[in-house]
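Peer 1: From first to last, the protein sequence lines are chains A and B. Residue numbering for the first sequence follows the UniProt record's numbering, starting at 1 and increasing by one per position. Residue numbering for the second sequence follows the UniProt record's numbering, starting at 1 and increasing by one per position.
There are 2 protein chains.
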Amino acid sequence: MIVSALLTSVGINLALCLLFFTLYSILRKQPSYLNVYSPRSVAAKEELEESNKFNFERLLPTAGWVRRAWQPSEDELLSVTSLDAVVFMRIFIFSLRVFGFAGIVGILVLLPINYLGNQLNRDFDISDLPSKSLDSFSISNVNVGSKWLWVHFCAAYIVTGFVCYLLYYEYSYISSKRIAHFYSSKPQPNQFTVVVRSVPVSSGSSCSETVESFFTENYPSTYLSHSVVRRTNKLQGLTSKAGKLYRKLMRLRTETNTQQRLRRDGCWGLFGRKVDALDYYGKKLDDLEDNVRMEQTSVAGKDVAAAFVSFKSRLGAAVAFHIQQGENPIEWLTERAPEPQDVHWPFFSASFIKRWISKLVVVVAYTALTVLFLIPVVVVQGLTNLNQLETWFPFLTSVLDLTVVSAVITGYLPSLILQLFMSFVPPVMIMLSSLEGYISFSQIQKSACSKMLGFTIWNVFLANTLSGTLLYGFEIFLEPKKIPGILADAVPAQASFFIAYVVTSGWTSLLSSELFRVTRLILSIIKRPFSGKDDEFEAPSIPYHSAIPKVLFFGLLGLTYFFLAPLILPFLVVYCCLGYIIFRNQFLNVYAPKYETDGKFWPTVHNSTIFALVLMHIIAIGMFGLKKVPLASSLTIPLPILTLLFNEYCRKRFLPIFKAYPAECLIKKDREDENDPRISAFYEKLSTAYRDPALMPMHHPRSTDGHSTPLLQAGV
Amino acid sequence: MIVSALLTSVGINLALCLLFFTLYSILRKQPSYLNVYSPRSVAAKEELEESNKFNFERLLPTAGWVRRAWQPSEDELLSVTSLDAVVFMRIFIFSLRVFGFAGIVGILVLLPINYLGNQLNRDFDISDLPSKSLDSFSISNVNVGSKWLWVHFCAAYIVTGFVCYLLYYEYSYISSKRIAHFYSSKPQPNQFTVVVRSVPVSSGSSCSETVESFFTENYPSTYLSHSVVRRTNKLQGLTSKAGKLYRKLMRLRTETNTQQRLRRDGCWGLFGRKVDALDYYGKKLDDLEDNVRMEQTSVAGKDVAAAFVSFKSRLGAAVAFHIQQGENPIEWLTERAPEPQDVHWPFFSASFIKRWISKLVVVVAYTALTVLFLIPVVVVQGLTNLNQLETWFPFLTSVLDLTVVSAVITGYLPSLILQLFMSFVPPVMIMLSSLEGYISFSQIQKSACSKMLGFTIWNVFLANTLSGTLLYGFEIFLEPKKIPGILADAVPAQASFFIAYVVTSGWTSLLSSELFRVTRLILSIIKRPFSGKDDEFEAPSIPYHSAIPKVLFFGLLGLTYFFLAPLILPFLVVYCCLGYIIFRNQFLNVYAPKYETDGKFWPTVHNSTIFALVLMHIIAIGMFGLKKVPLASSLTIPLPILTLLFNEYCRKRFLPIFKAYPAECLIKKDREDENDPRISAFYEKLSTAYRDPALMPMHHPRSTDGHSTPLLQAGV
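(1) Just how far apart, CA to CA, sit residue 718/A and Q191/A?
(2) Between L238/A, P630/A, T62/A and G555/A, which has its C-alpha nearest L27/A's C-alpha?
(3) Do I179/B and C650/B have their C-beta atoms within less than 8 angstroms of each other?
(4) Say whether chain A places a C-beta atom closer than 8 angstroms to the C-beta of N387/B.
(5) Measuring only the C-alpha atoms, how far is F88/B from S95/B?
(6) A156/B lies in the beta strand (DSSP E); which residues open and close that run?
(7) Mark D303/A as exposed unless 16 or more other C-beta atoms lie within 10 angstroms of its C-beta, in which case mark it buried.
(8) What does the alpha-carbon distance come out to for the pair E479/B and K481/A?
(9) Run through DSSP, which three-state label would H226/A get?
(10) On the premise that Q324/B lies in contact with P662/A, defined as a C-beta separation below 8 angstroms, what is that separation, rounded to the nearest angstrom?
(11) Distance, Cα to Cα, K147/B vs F321/A?
(12) Measure the C-alpha to C-alpha separation of F215/B and A85/A and round it to an integer number of angstroms.
(13) If contact means a Cβ-Cβ distance below 8 angstroms, which residues of the segment 401 to 432 of chain B contact chain A?
(14) Please list the partners that G326/B has in chain A, where partner means a Cβ-to-Cβ separation under 7 angstroms.
(15) Can you confirm whether K652/A, when its beta carbon is compared against all beta carbons of chain B, has any partner nearer than 8 angstroms?
(16) If you draw a straight line from the C-alpha of P376/B to the C-alpha of A365/B, how long is it?
(17) List, in order along the chain, the chain A residues whose C-beta lies closer than 9 angstroms to that of E674/B?
(18) Please state the DSSP three-state secondary structure of L471/B.
(19) For a contact defined as C-beta to C-beta under 7 angstroms, what are the partners of H322/B on chain A?
(20) What residues match up with T193/B in a beta bridge as DSSP calls it?
(21) Need the endpoints of the beta strand (DSSP E) that L333/A sits in, please.
(22) Which residues of chain A have a Cβ atom closer than 9 angstroms to the Cβ of P200/B, listed in chain order?
(23) Just checking: is the beta-carbon of V319/A within a distance shorter than 8 angstroms of some beta-carbon in chain B?
(24) Quick test of the definition: if touching needs 3 or more C-beta pairs under 8 angstroms, does the segment 440 to 448 of chain A touch the segment 330 to 348 of chain A?
(25) Look at the alpha carbon of L418/B and the alpha carbon of V343/B, and state the distance between them as a whole number of angstroms.
(26) Please classify C207/A as buried or exposed, where buried requires at least 16 other C-beta atoms within 10 Å of its C-beta.
(27) I'd like the list of long-range same chain contacts for L557/B, defined as Cβ closer than 8 angstroms, with 5 residues on each side in sequence excluded.
(28) Report the neighbours of I330/B on chain A: residues whose CB is nearer than 8 angstroms to its CB, in chain order.
(29) Counting only Cβ pairs nearer than 7 angstroms, list the residues of chain B close to E479/A.
(30) P656/A touches chain B at which residues, Cβ-Cβ below 7 angstroms?
(31) Roughly how many angstroms separate the alpha carbons of M422/A and S505/A, rounded to a whole number?
(32) According to DSSP, simplified to helix, strand and coil, what is I2/B?
(33) Is the distance from the Cβ of F563/B to the Cβ of F20/B below 8 angstroms?
(34) What residues from chain A crowd round N143/B, counting only those whose CB sits closer than 7 angstroms?
(35) With D598/A and L83/A assumed to form a contact (beta carbons below 8 angstroms), what rounded beta-carbon distance in angstroms separates them?
(36) Got a sec: is the Cβ-Cβ distance from N607/B to anything in chain A below 8 angstroms?
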């Protein structure tokens, strides 16, 4: 890629960004799009000042939201959102610092050195800059054996040191935040509860009795209550169906036109005799509710050998959680309970051995998906070449012959197909993670987040750098000695691709999909005529499992390319600034926290950065080898070792804080509660906090026809 | 090696074994050798029936001891010795079963197939059997591409399945033994105590105050007492010196010849004026004791930021041990306390970060020692060739020219040097492990045991199979794809060497060094004139760190060679039978248990067997590749994967039991104690159990001259 091409690409994307920015500034002020751009205030049913009164200002793009997103301090953000959101924002702050420092080193020191080399082009004439290849700014342009490479060597050491210092600082900062947040928290059910799985139920007794007798005997002073988990998959389906039907019924009732309320009782409402829809659905709902009640009584016997066990103190729960309970280590398995709204109810169906096997299966499936993902993509892309299309759709021939159309199709269709395939990946990862038998959505998301990260690194980074050889790329792991050489050969060649990637996939897609929420906007426009006013509206929660890997991937790009092609860094700095403002805005207006992991995502960020550093070192070792500076190559070897040792130290120093709270904190909090008069009320709440929502009958007034029917809260 | 050579070697070693057996049978009955062959009864000062009365039977070799070693049941053995000894004996039972089964498969099925192949020799004539190479019985003789190799393939699967079944059975058997042993145990100090390290002592207060306030505040109901650890390295040196001097003095006092009591007071007792040794040493001891008292008072201020903290219940100790105590995960580090007599006092000097670094240093040193061990050995062996010796010692020329002498020197000297170097290895491993900062001898021994195992496998197995290329052998780990091929090529060629190794290093050295205790016998004969009657006599404890790796290495040989050269198996079966009887005898008569790990060595045995299986599979994969049966080679690949999965399952199912006792057991035992009237006496004992012996002043009557001097227990 030459400089002018890069500038064109940047120009186009800048224009697109500006367009989205302007559109967002206008649309966010339109009351009809509030549920797209401010769902948090809609869900909270806040009074929106004069939202329905038209004024001219509404049509002007303004940047006031940027100021409002910028202003709140971290503590204010924490009070409005969750610690997870604050930790997420720390990724941007951390990345900005890293790229800022690396950018200064890269642009001011490395870039001139690279440009002054003459490995690629012998003449250096500043006037024909636009037609220069971007490679003249990369390390490829430095002469083989040049002494200037020692500057790159020093830069690698200095930047690694700086990044490690920042990593340490952030880890310690977030650890202290996490503990402070725990100290300031109110008593929460999950702090007092553990999940017990693989309860060894003897044939004579029920699961509930077994759990009760085990814990009253062993923890007479701290045991409070328990609730056994039941297999409710079928019931959940029924209740959600009933909920939907109930909503339909309510909507029909508001319908004044009786003609419209008629429908046929046959297949899909198209055949059969005409009946009043109100009666028809009413009868159907009654049947469903009968079913639900029957299922609820029958389900009571279907224990899953698992229970939520609550204790009177946090330390009591911690004791049950940390110490192996039964003599058999695969029975009485305890785990911290998630927050009640975070429980993933369908998980409970598996015994220890089943869960272990499904974990193995998931690992295999994940590896296969990651490694083989590109094969179908390449195949489908191959099917969409021009000739193929012309054969399939002969009537398109004339259109396809136009240069513009063919350029668009050959240029964009493959990448569109890739994007399409890629968009299916996060849900697949969530599905895989949920198969692993986690007990909470947050754990599933955390596991999916790591999976997505590995997937992205493999399929976007390695697939592009080792393109062509990727299908056999797995082979290089069998000859680890060759890895540095192969990477050093392939990675710098893709620098210009990744700069373009940062601009398009970073800037533009951040603005379009994150800020402008294109998909959601279109859905809302389509859905509007059909949706009733009374629909319950819920603010979405941020999909950490797709958002975090994206940001971390740019971090990886920045760290690996900073000394190969420092030109990428300014673009990454802009990306981080944009991301910082946009995500702050989204956290304040769009995403509502559903559950709180207290920053448990940070270790993933830390590990990913360490991986990026080590990858950078490996490439550096290979690079110095290729450039025939073997001494620099050998002297770089301690760098990854030191980095991994640093990581090991951090694991010991900080990771335990993210796994569980220390006894000191638990005891302090417990002591505070002892003097709290509200604690007995909390205990009462605690004993019912972990009831399966599908099992709770709820009376709900159905209609004006006098009688009220029990309806189930879950689906409604 | 040809068959007749093997038979000769077996014959010689059998004769040697018989000799040792006979000598042992006679010498063990001589009262003067009781401290060599029955130190347990000597230490226990048992009345030995008519031990001093001479009778003729004492000079006849009898095998009664074999019957007496065979007879006791496992429970009887447990009551007389320790669980560790029982677990050690289980290794032999396990190996016997494995080799029995593998031997039947190998000798009855594989051996005929190997022999009937004609890859190596085209004619098969049973008459010239003695001059046949041993290789005709190994897999090397099977024709390339032969269908018979599928029998080997099946044998690999069947034996792996059988070994895994046995591993599971043994693991579960020993786990249950371990728990049963815990239930039947009396209250022991180590069950109620944890070691706390890295206590964050603030400048204003002492370590003792910090520990006291932390635990009384956090565990008011279960905390009992603590004893702070002090830096006593210097003190320990002084006390042991004082102890030695005291013993010397006591011996001198029994001396009746006053002339012998005179000595010179100058350098080494050779110069200066003559003084009465009794007065001389008495004065010296007085000085030393003054020193010790001074050191004791000064040491009181030197805390090491570590303490033994005792609790009122086992669960209390477990809570402190399992849950991270302080907010900072590298402060208030807790660990199970070892038994009081098992504490390795000099360990305490290191902080968390120091210990971490020393662990890293030890890993590096261990790796270097293991990988580079053979270099000095080869160099020294090179120095001892005949010409070199003749140059150094010209007067030996005539002797060295004799064929017999030169044969012995060229044949035995190199292996003698190897043995000499090898004998230094276990102490070095113990030293390395103790540098790692373990708090107990048993942990040091366990860690040294794993180290020795790795060392033996690398230097005896790999060095012999990859001989010559070993120095560059590390390189093959950079090309993992080639490993199976290299191993399959090199390992079968060494079959005859390892058969001879089993016979010499297994049979003969087991009988000579273990049963006959050659070194100890010689030492005792030399020392006898000098040792006094009153010497405290202590029975030795078994050096698990050198005994277990030896047995496990033979297990590895059996598993890797069973399908390559099944001829090795009968020799291993004999080894196991010998080992079973001899070690039972030694446990009953020689080794006294010093401390009890309750079978914590078993996971090492398990892991080693899994390693041997996987090594066997890798060799099989390479072998089938070399023999051009690629399908068998590919179909073997699932075998190591399944084995590793099995291992993973066992880790989950059994390993936790070996790490700590489950809450259920602790609570049951605590409840038993509650009703025990002796528990308050135990608590009293508990609070002083973990005092550093160097800090305890002990009054000891010194002499007949009226006054008694405080003397220190430690060294005495």
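Beta carbons: idealized from backbone N, C-alpha and C, even for Gly. Because the structure is a prediction, the values reported are computed rather than measured.
Peer 2: On the basis of the supplied data:
(1) What is shown of chain A runs 1 to 716, which leaves residue 718/A out entirely.
(2) Checking every option, the nearest Cα to that of L27/A belongs to T62/A.
(3) C650/B sits away from I179/B, with the two beta carbons spaced by 8 angstroms or more.
(4) No, N387/B does not count as interfacial toward chain A.
(5) The straight-line gap separating the alpha-carbon atoms of F88/B and S95/B is approximately 11 angstroms.
(6) Here A156/B belongs to no beta strand (DSSP E); instead the alpha helix (DSSP H) covers L149 to Y183.
(7) Its Cβ being crowded by 16 or more others within 10 Å, D303/A is buried.
(8) Between E479/B and K481/A, the C-alpha separation is close to 7 angstroms.
(9) Here H226/A sits in strand by DSSP.
(10) With a Cβ gap of about 4 angstroms, P662/A and Q324/B count as contacting.
(11) CA-to-CA, the gap between K147/B and F321/A works out to about 56 angstroms.
(12) Going from the Cα of F215/B to the Cα of A85/A covers about 36 angstroms.
(13) Of all residues in the segment 401 to 432 of chain B, none has a Cβ within less than 8 angstroms of some Cβ in chain A.
(14) Contact note: G326/B reaches chain A through P662 and E664, using a C-beta cutoff of 7 angstroms and chain order.
(15) It does: the Cβ of K652/A has a partner Cβ on chain B nearer than 8 angstroms.
(16) Pairing P376/B with A365/B, the inter-Cα distance amounts to about 16 angstroms.
(17) Those do not exist, as E674/B stays about 12 angstroms from chain A at its closest Cβ, beyond 9 angstroms.
(18) Low confidence applies to L471/B: its pLDDT is 48, below 50, so where it sits in the model is not reliable enough to give any reading.
(19) Neighbours of H322/B across chain A, judged by C-beta separation under 7 angstroms: H322 and I323.
(20) The bridge partners DSSP lists for T193/B are S310/B.
(21) First-last of the beta strand (DSSP E) with L333/A: L333 to R336.
(22) None at all; the shortest Cβ gap to chain A is about 11 angstroms.
(23) True, the Cβ-Cβ gap to chain B drops below 8 angstroms.
(24) With a cut-off of 8 angstroms, the segment 330 to 348 of chain A and the segment 440 to 448 of chain A count as touching, because enough Cβ pairs lie within range.
(25) For L418/B and V343/B, the distance between alpha carbons rounds to 34 angstroms.
(26) The C-beta of C207/A has 16 or more other C-beta atoms within 10 Å across all chains shown, which makes the residue buried.
(27) The residues are F461, F498, Y501, V502, I568 and L572.
(28) Going along chain A in sequence order, the residues near I330/B (Cβ under 8 angstroms) are K652 and R653.
(29) Neighbours of E479/A on chain B, chain order: E479 and K481.
(30) What P656/A touches in chain B: Q324 and P329.
(31) Rounded to whole angstroms, the gap between the alpha carbons of M422/A and S505/A is 12 angstroms.
(32) Correct three-state label for I2/B: strand.
(33) For the pair F563/B and F20/B, the CB atoms are not nearer than the 8 angstroms cut-off.
(34) Here the premise fails: no neighbours, minimum Cβ distance about 30 angstroms.
(35) Indeed, because the Cβ distance is near 5 angstroms, the residues count as touching under 8 angstroms.
(36) False, the Cβ-Cβ gap to chain A never drops below 8 angstroms.
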